[in-house]
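Colleague: Dropping a structure here in structure tokens format, bear with me for questions.
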Amino acid sequence: MKKLITAAFLAAVASQASAEDVKLQLKWVTQAQFAGYYVAQAKGFYEEEGLNVTILPGGPDIAPTQVIAGGGADVIVEWMPAALAAREKGLPLVNIAQPFASSGMMLTCLKESGITSPTDFADKTLGVWFFGNEYPFLSWMSQLGLATDGSAGGVTVLKQGFNVDPLLQKQAACISTMTYNEYWQVIDAGITEDQLVTFKYEDQGVATLEDGLYVLEDKLADPAFQETMVKFVRASMKGWKYAEANSDEAAMIVLENDQTGAQTENHQKRMMGEIAKLTAGSNGALDVAAAERTVASLMSGGSDPVITKAPEGAWTSAITDKALAQ
Amino acid sequence: MSRALPVLTVLAGIVAIWYAAAVWMNATWVFDQAERAGTTVTWGEVIPQTMTQDRPLLPPPHQVGAELWKGLFGQAITSKRSLVYHAYVTFKGTMMGFGLGIISGVLLAMAIVRFRVMDMSVMPWAIISQTVPIVALAPMIITLSSQLGLEGRDLSKAIIAAYLSFFPVLVSMVKGLRSPDQMQLDLLRTYGAGEMATFLKLRLPASMPYFFASLKVAVAASLVGTIVGELPTGAIEGLGARMLIGSQFGEPLIMWAALFAAAILAGLLILVVGFVERAARKRMGVPS
Amino acid sequence: MTALWLAIGFWLAAWAVNVWLAGSRLSRTGPGRALVPLLFGATVLVLWEGLVRGLGVAPVILPAPSVIAAKIAVELPTLWQDFAQTILKGAIPGFLIGAGAAFLTAIAIDRSPFLQRGLLPVGNFVAALPIVGLAPILVMWFGFDWQSKAAVVVVMVFFPILVNMVAGLQASERMQRDLMATWGASYWQGLFKLRLPAAMPFLFNGLKIASTLALIGAIVAEFFGSPVYGMGFRISTEVGRLGLDMVWATIAVAALAGSAFYGLITLIERGVTFWHPSQRH
């Protein structure tokens, strides 16, 4: 009898919760980069809003843009360059919130390669991530006037894997790193900071907006969905602010959600500390000037721009306005 | 004893080569570090250092062994830090794919041997299907199955595994079902055996050695498929996911331990398949 | 929706034609043999096109074959560059080295009973391992270019071929071996005249399986680092860019290359093992 009651209770809870299911597709595997969402879930912020959020981790073969196009997610975490490129390909993504105020992307070089400024990149081998993450790099290189097709006087581009080995094995002079992840792996590997030269995209004036929340335009036309997204963004931002303030606890929450069990406390705590610097100063609302800078940077690609025309309606403040109003 | 000695000799040889390679490969890093620090090191100092690095190029056997031991026995097997748990996740995917692969492989082989039109139209495409790099299809399988309302990535993993494992079964079964030679077929015809009887009494038994030989390959292919499915399609759980995380966070030990856990799993699967094979052969009276 | 029904209608009609063709005398001729699978392939493409058009599937999920064909026509130089990098430099040298090494090892093991007893269980075990997991490690060791891809392929194809070859060397019957012995044949004569030919069907079985592994190995290895061309690179990059037409164009090239490779092995097999019952249907 007791079992039956429990079952009935669970069913009732489930049916109530399923009223507002939200599926969130992350850009990458479970790590502190997405702490805000995991905190919002663990601390019950989503529940308070009456949302039942499923967080789907990503991976090297999962393009969030494709998942949302296939209906596998309601909202995705994506970088603006990839989202805008997808928009030009005919997938109408709209930015509804921007928890990351600044960019964490860098190019990290070994000092022994002789690189001291971006002009030294010519004829060097640089490691870059692809899968939609190459756009900021490509637009930077074309602003520097360096060819990336392997011709003389340009740079040789390597598609780097998911780690920093190319730098350690000296297969590349510089590799792409994030302030919150790969950079520290280089340091962990025993290379000291003064043996490295680092170029932050932010400092070079080529920063593009990173982790933002994107939904499909036609779904956003539905007022009910809008309402759900308002709640989702509000709860997520609450999660982010909590994570910023309690970074160690947030890291532990992420660790609990890592189903591979291979992540370490050490990595996640440090990552959370660096992530907090990037989310600081964002209340979730998109800084339109920064978005326009991103667009300008992506369009300035000379012969091979990432996007060919300025997008219209690629972001909206409708959601964050309502979410922040209360 | 006489059987164990050669194997042990070979294994000892492998371990010796492994240690030597570990010293040789990891030494570069020690020398580089010394150079950066402006000191020189002798080989006497280098060798101990190559044995204990946190991110060695090639971890020596004892480091992998320790990590593997920790993963297998260091915690409750239900913990997500336990390799046993992840091996189980991978095992489940492998079995689903293996079952699906056997069924589709055998059925297709029967149809191909029986119907000329199937042989002519499907067989070339079955071969071509294997040349499609399944890894490229993985994200599409996930997207499509989620659109069809199938939640979870277990199924897409199993489809990838089945896609790889049906082929060895198919090839061997077609070969096996056709292996009776004309004299045997003629003999059955003189007995007045019908098509069904020929199939059951001659073709099917004749194909069994081929079938079981293919099972070992198929189960291995299924495991590869499952791991390939876990590697790129959302590192959630399973040995493949751990390999990815190990690679991403520059933790070679995690990667190697997952690799060896996969090896142990493969070994167990092969043992079981081999056992089934022997039992079946014995029952069918096939001389081994 | 009409597109879908037209496609299904075409499929039924083509299948009927195929059944008739397979039963007719035409199927014994060369063109007839080629026509049936081609027609079958065409029906799949038509059905695919009909599904995509009829159900209005978004191009970022599944592009129509006509769109993919158009992409192939436009991107031929890129596709060729990728093909050269992954197949000509990665898969084929790796396959040849791996197969050659496996063949020689099998013969070496055959000569020494001690090594055979020692290496065979180990080899059998390794053949079953998910070697593809070594890909990130080998990329770390051998660098980004084709060398690491070839290395992955070598390791992937070596053991399946070895195991098949060793099984093949034991495939000759006791009576046949005894006959060789009564004729006073030396070990090498016995090997070349009886046991190697008897091993060929097994060897080719291994080679065929390995040929598909070679492609997977070369492509997966590119996921863990590569230059900015190559088929694995193209696939993973274009999925991220939602260039699904390019992904499928690359898949088509991979399928074509793999089939040609497999076909070549089959042709050689026909020549070598013409005596085996499976070749006489």
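Chains as they are written, first to last, in this note's numbering: chain A, 15 to 340; chain B, -4 to 283; chain C, 899 to 1179.
Using N, Cα and C, we set each Cβ at its ideal position, and we do this for glycine too.
Using C-beta distances below 8 angstroms, list every residue in its chain close to PHE26 of chain B, excluding the 5 sequence neighbours before and after it, in chain order.
Modeller: Within the second sequence, numbered from 1, the residue matching residue 26 of chain B stands at position 31. For PHE26 of chain B, where only same-chain residues beyond five positions count, the Cβ hits under 8 angstroms are VAL36, VAL41.
Colleague: How about the stretch 112 to 126 of chain B and the stretch 1147 to 1161 of chain C: do they share at least three Cβ pairs that are nearer than 8 angstroms?
Modeller: Result yes; three or more Cβ-Cβ pairs closer than 8 angstroms.
Colleague: Can you name the residues of chain B whose CB is closer than 7 angstroms to the CB of ALA56 of chain A?
Modeller: As a first step, residue 56 of chain A is located in the first sequence; it is residue number 42 there, counting from the start. Within 7 angstroms Cβ-Cβ: nothing; ALA56 of chain A doesn't reach chain B, min ~16 angstroms.
Colleague: In this structure, does DSSP put LYS196 of chain B in helix, strand or coil?
Modeller: The residue labelled residue 196 of chain B in the question sits at position 201 within the second sequence. Of the three classes helix, strand and coil, the one that applies to LYS196 of chain B here is helix, per DSSP.
Colleague: In chain order, what residues of the same chain have a beta carbon less than 6 angstroms from the beta carbon of ALA203 of chain A, not counting five sequence neighbours either side?
Modeller: In the first sequence, counting from the first residue as 1, residue 203 of chain A sits at position 189. Excluding sequence neighbours, ALA203 of chain A sits near LEU182.
Colleague: With distances taken between CB atoms, is the gap from THR139 of chain A to LEU160 of chain A smaller than 8 angstroms?
Modeller: Locating residue 139 of chain A in the first sequence gives position 125, counting from the first residue. Locating residue 160 of chain A in the first sequence gives position 146, counting from the first residue. Not closer than 8 angstroms, so no.
Colleague: Would you list, in sequence order, the uninterrupted beta strand (DSSP E) runs of no fewer than 3 residues that lie entirely inside the stretch 1017 to 1094 of chain C?
Modeller: Fully enclosed beta strand (DSSP E) runs of 3 or longer: not present.
Colleague: Nearest to GLN1074 of chain C by CA position, among C:VAL1064, C:ALA982, C:GLN1087, is which residue?
Modeller: As a position in the third sequence, residue 1074 of chain C is number 176, starting the count at 1. Ranking the options by Cα distance to GLN1074 of chain C, first place goes to C:GLN1087.
Colleague: Distance check for GLU258 of chain A and LYS291 of chain A, CA to CA, integer angstroms please.
Modeller: Numbered from 1 along the first sequence, position 277 holds the residue referred to as residue 291 of chain A. Numbered from 1 along the first sequence, position 244 holds the residue referred to as residue 258 of chain A. Going from the Cα of LYS291 of chain A to the Cα of GLU258 of chain A covers about 8 angstroms.
Colleague: For PHE114 of chain A, name the three-state secondary structure that DSSP assigns.
Modeller: To locate residue 114 of chain A, count along the first sequence from 1; it is residue 100. PHE114 of chain A: coil per DSSP, three-state reduction.
Colleague: If I follow the unbroken beta strand (DSSP E) through PHE1172 of chain C, where does it start and stop?
Modeller: Here residue 1172 of chain C corresponds to residue number 274 of the third sequence, with the count starting at 1. Counting along the chain, PHE1172 of chain C falls outside any beta strand (DSSP E), and DSSP gives it neither H nor E.
Colleague: When you compare the CB of PHE176 of chain A with every CB in chain B, is at least one pair closer than 8 angstroms?
Modeller: Here residue 176 of chain A corresponds to residue number 162 of the first sequence, with the count starting at 1. True, the Cβ-Cβ gap to chain B drops below 8 angstroms.
Colleague: For LYS68 of chain A, write down the residues that DSSP places opposite it in a beta bridge.
Modeller: Stepping through the first sequence from its first residue, residue 68 of chain A is reached at position 54. This sequence places Thr at residue 68 of chain A; Lys is not what is there. Note: THR68 of chain A sits in a beta bridge opposite A:LYS37.
Colleague: Is any beta-carbon of chain C found at less than 8 angstroms from that of THR79 of chain A?
Modeller: Walking along the first sequence from the start, residue 79 of chain A turns up at place 65. It does: the Cβ of THR79 of chain A has a partner Cβ on chain C nearer than 8 angstroms.
Colleague: Would you list, in chain order, the members of the stretch 253 to 277 of chain B that have their beta-carbon closer than 8 angstroms to a beta-carbon of chain C?
Modeller: Within the stretch 253 to 277 of chain B, the qualifying residues are ALA253, LEU254, ALA257, ALA258, ALA261, GLY262, LEU264, ILE265.
Colleague: Would you say VAL268 of chain A and ALA49 of chain A are within 8 angstroms of each other, going by their C-beta atoms?
Modeller: Against the first sequence, residue 268 of chain A aligns to sequence position 254. Against the first sequence, residue 49 of chain A aligns to sequence position 35. The answer is yes: Cβ separation under 8 angstroms.
Colleague: Going straight from the alpha carbon of GLU224 of chain A to that of THR278 of chain A, what length do you get?
Modeller: Stepping through the first sequence from its first residue, residue 224 of chain A is reached at position 210. Stepping through the first sequence from its first residue, residue 278 of chain A is reached at position 264. Cα-Cα distance, rounded: 24 angstroms.
Colleague: Which residues, in order along the stretch 1031 to 1048 of chain C, keep a beta-carbon less than 8 angstroms from a beta-carbon of chain B?
Modeller: Flagged, chain order: GLY1031, LEU1032, PRO1034, ILE1035, MET1038, TRP1039.
Colleague: Please report the residue range of the alpha helix (DSSP H) in which VAL229 of chain A lies.
Modeller: Residue 229 of chain A sits at position 215 when you count from the first residue of the first sequence. Segment 226 to 230 is the beta strand (DSSP E) holding VAL229 of chain A; no alpha helix (DSSP H) there.
Colleague: When DSSP builds the beta bridges, which residues end up paired with ILE129 of chain B?
Modeller: Taking the first residue of the second sequence as position 1, residue 129 of chain B is located at position 134. Answer is none; ILE129 of chain B lacks a bridge partner.
Colleague: Would you call the stretch 43 to 58 of chain A and the stretch 919 to 937 of chain C touching, i.e. three or more CB-CB distances under 8 angstroms?
Modeller: Result no; under three Cβ-Cβ pairs closer than 8 angstroms.
Colleague: Can you give me, in chain order, the residues of the stretch 1155 to 1167 of chain C that have a beta carbon less than 8 angstroms from any beta carbon in chain B?
Modeller: Correct list: ALA1155, GLY1156, SER1157, PHE1159, TYR1160.
Colleague: Does the Cβ-Cβ distance between TYR51 of chain A and GLY253 of chain A come in under 8 angstroms?
Modeller: Counting from 1 along the first sequence, the entry for residue 51 of chain A is found at position 37. Counting from 1 along the first sequence, the entry for residue 253 of chain A is found at position 239. Yes, they are a contact pair.
Colleague: Could you give the C-beta distance for GLY224 of chain B and ALA157 of chain B, rounded to a whole number, given that I count them as a contact under 8 angstroms?
Modeller: If you number the second sequence from 1, residue 224 of chain B lands on position 229. If you number the second sequence from 1, residue 157 of chain B lands on position 162. GLY224 of chain B to ALA157 of chain B, Cβ: 10 angstroms. No contact.
Colleague: Could you tell me the distance, in whole angstroms, from the CA atom of GLY168 of chain A to the CA atom of PRO132 of chain A?
Modeller: The residue labelled residue 168 of chain A in the question sits at position 154 within the first sequence. The residue labelled residue 132 of chain A in the question sits at position 118 within the first sequence. Rounded to whole angstroms, GLY168 of chain A to PRO132 of chain A spans 12 angstroms at the Cα level.
Colleague: Is the CB of MET84 of chain A under 8 angstroms away from at least one CB in chain C?
Modeller: Sequence index remark: in the first sequence, residue 84 of chain A carries index 70 (1-based). Going by the sequence as given, residue 84 of chain A is Gly instead of Met. Taking Cβ atoms only, chain C reaches closer than 8 angstroms to GLY84 of chain A, which makes this a yes.
Colleague: What number of angstroms, rounded off, separates the C-alpha of GLU63 of chain A from the C-alpha of VAL229 of chain A?
Modeller: Counting from one through the first sequence, the residue named residue 63 of chain A turns up at place 49. Counting from one through the first sequence, the residue named residue 229 of chain A turns up at place 215. If I take the Cα positions, the gap works out to 19 angstroms.
Colleague: Label VAL972 of chain C either buried or exposed according to how many other C-beta atoms from any shown protein chain fall within 10 Å of its C-beta, with 16 as the threshold for buried.
Modeller: In the third sequence, the residue the question calls residue 972 of chain C occupies position 74. So VAL972 of chain C ends up on the exposed side.
Colleague: Tell me, please, whether the CB atom of GLY1138 of chain C is closer than 8 angstroms to any CB atom in chain A?
Modeller: On the third sequence, position 240 is the one that residue 1138 of chain C refers to. Chain A contact via Cβ: present.
Colleague: Can you check whether the C-beta of ILE985 of chain C is within less than 8 angstroms of a C-beta belonging to chain B?
Modeller: Stepping through the third sequence from its first residue, residue 985 of chain C is reached at position 87. No, because no Cβ of chain B sits closer than 8 angstroms to the Cβ of ILE985 of chain C.
Colleague: Measuring only the C-alpha atoms, how far is PRO1175 of chain C from GLN44 of chain B?
Modeller: Translated into the one-based positions of the third sequence, residue 1175 of chain C becomes position 277. Translated into the one-based positions of the second sequence, residue 44 of chain B becomes position 49. Near 60 angstroms, if we compare the C-alpha coordinates of GLN44 of chain B and PRO1175 of chain C.
Colleague: Alpha carbon to alpha carbon, what distance is there between LEU264 of chain B and VAL214 of chain B?
Modeller: In the second sequence, residue 214 of chain B corresponds to position 219, counting from 1. In the second sequence, residue 264 of chain B corresponds to position 269, counting from 1. Approximately 7 angstroms between the Cα atoms of the pair.
Colleague: Could you tell me which chain A residues have their CB closer than 8 angstroms to the CB of SER964 of chain C, listed as they occur along the chain?
Modeller: Residue numbering aside, residue 964 of chain C sits at position 66 when the third sequence is read from its first letter. Ordered by position in chain A, no residue passes the 8 angstroms Cβ test against SER964 of chain C, which lies about 17 angstroms from the chain.
Colleague: So, do the stretch 97 to 106 of chain A and the stretch 190 to 199 of chain A have three or more beta carbon pairs nearer to each other than 8 angstroms?
Modeller: The stretch 97 to 106 of chain A is not in contact with the stretch 190 to 199 of chain A.
Colleague: Kindly indicate which three-state DSSP category GLY141 of chain A falls into: helix, strand or coil?
Modeller: Taking the first sequence and counting its residues from 1, the one referred to as residue 141 of chain A is at position 127. It is a strand residue.
Colleague: Between the stretch 1112 to 1128 of chain C and chain A, which residues of the former have a C-beta closer than 7 angstroms to a C-beta of the latter?
Modeller: Within the stretch 1112 to 1128 of chain C, the residues whose Cβ lies closer than 7 angstroms to some Cβ of chain A are PHE1121, PHE1122, GLY1123, SER1124, PRO1125, VAL1126, listed in chain order.
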